[in-house]
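**Student:**
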Amino acid sequence: MGWIEFAVAMLLFMGSHRIPAALGVKDGLVTRLGTTGYMALFSLASTLLLLWVIWAAGRAPFVPLWDQSVASRWAVNLVMPVVILLASFGVAAPNPFAFEGRRSGFDPDHPGIVGLTRQPLLWALTLWSGAHLWANGDLAHVILFGTFAAFSVLGMGLVERRRARKIGADWGHLTARTSLMPFAALISGKWRPRSLPSWSRLTIAILAWAAVFHLHEAVIGVLPVP
Numbered sequence: 006m007g008w009i010e011f012a013v014a015m016l017l018f019m020g021s022h023r024i025p026a027a028l029g030v031k032d033g034l035v036t037r038l039g040t041t042g043y044m045a046l047f048s049l050a051s052t053l054l055l056l057w058v059i060w061a062a063g064r065a066p067f068v069p070l071w072d073q074s075v076a077s078r079w080a081v082n083l084v085m086p087v088v089i090l091l092a093s094f095g096v097a098a099p100n101p102f103a104f105e106g107r108r109s110g111f112d113p114d115h116p117g118i119v120g121l122t123r124q125p126l127l128w129a130l131t132l133w134s135g136a137h138l139w140a141n142g143d144l145a146h147v148i149l150f151g152t153f154a155a156f157s158v159l160g161m162g163l164v165e166r167r168r169a170r171k172i173g174a175d176w177g178h179l180t181a182r183t184s185l186m187p188f189a190a191l192i193s194g195k196w197r198p199r200s201l202p203s204w205s206r207l208t209i210a211i212l213a214w215a216a217v218f219h220l221h222e223a224v225i226g227v228l229p230v231p
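Read the sequence shown against the working numbering and you will find it ends at 231, with the numbers running on by one and no gaps.
1. Grouping DSSP H, G and I as helix and E and B as strand, with all else coil, what is Asp72?
2. Entirely within the region 59-109 and at least 4 residues each: give me those alpha helix (DSSP H) ranges in chain order.
3. If you compare alpha carbons, which of Ser93, Gly135, Ala136, Ser134 is closest to Gly117?
4. Using 8 Å as the threshold, is the region 183-193 in touch with the region 116-134, meaning 3 or more CB pairs across them?
5. What did DSSP end up calling Asp175 once you bin it into helix, strand or coil?
6. By how many angstroms is the C-alpha of Val13 removed from the C-alpha of Trp2?
7. Please report the residue range of the alpha helix (DSSP H) in which His22 lies.
8. Please classify Ser200: is it buried, with 16 or more other beta-carbons within 10 angstroms of its beta-carbon, or exposed?
9. Since Ile172 and Leu179 are thought to touch, with beta carbons under 8 Å apart, how far apart are those beta carbons, to the nearest angstrom?
10. Since Arg206 is in the alpha helix (DSSP H), which residue starts that stretch and which ends it?
11. Among the residues of its own chain, which have a CB less than 7 Å from the CB of Leu138, if the five just before and after it don't count?
12. Out of Asp175, Leu212, Phe104, Leu121, which one is the CA nearest neighbour of Glu165?
13. Taking the Cβ atom as the reference point for each residue, do Gly7 and Pro66 lie within a distance shorter than 8 Å?
14. For Asp32, which residues does DSSP report across the bridge?
15. For Ser157, does the count of other Cβ atoms within 10 angstroms reach 16, so buried, or fall short, so exposed?
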């Protein structure tokens, strides 16, 4: 029963990111709720489905593949602040290159977080899943985090190609001060931050990290300390 629940949860979570658009459900909801309303509903549904997937993986039969190490637990704790920073700054930023990207308000000469990477949320997912994959060496969690890692890495190329086709001739101008690889535009000199990070976003990131750290054991069932 544990494997069946895990498989159903995984299928529903992955399907929720493709089926609504394919069946036209997404367009109908956007018309009724507006883009902001749809994104709020989609984010809530995705969060609930993600929690179900994680809980289902914990209930699946335990099949060990490798042992957890102190180094892997440290890796998760060091990576998670970066994950939350990328997500906090990337989630509401004008970004015409991301999945569900928003061009309105984007300034190619002052790209903000997009100058760091055009795909901050997918990089956050990659780092989150990669670190947790190392720290969880049983079969169910390897399938879980391995799938998310592959989904996020392959998704970057897919999203980039899709957005490039949609943007068309403006792609070169809009991406002039950005890069897909984090820090590549900064290192090459194409982009320089013009101001300090938003203190409100930084505060949100700190509070989110504190909440994730302190609620991890209660919600997930595992104490996150190294």
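No residue lacks a Cβ here, since even glycine has one placed at the ideal position from N, Cα and C.
**Tutor:** Based on what the coordinates show:
1. Secondary structure at Asp72: coil, using DSSP grouped into helix, strand and coil.
2. Counting whole runs of 4 or more residues, the region 59-109 contains the alpha helix (DSSP H) stretches 75-95.
3. Selected option, being the one with the closest Cα: Ser93.
4. They touch, by the three-pair rule.
5. If DSSP states are grouped into helix, strand and coil, Asp175 belongs with the helices.
6. Because the chain spans 6 through 231 in this model, residue 2 falls outside it and cannot be assessed.
7. Unbroken run through His22: none, as it is neither H nor E.
8. Classification for Ser200: exposed.
9. Confirmed, about 6 Å.
10. Run containing Arg206: 204-225, per the alpha helix (DSSP H) assignment.
11. Non-local beta-carbon contacts of Leu138 in its own chain, meaning distances under 7 Å to residues more than five positions away in sequence, involve Val147, Phe150, Gly151, Ala154 in chain order.
12. Here the closest residue by C-alpha is Phe104.
13. In contact: Gly7 and Pro66 (Cβ atoms closer than 8 Å).
14. None; Asp32 has no bridge partner.
15. With a threshold of 16 other beta carbon atoms within 10 Å, Ser157 meets it and is buried.
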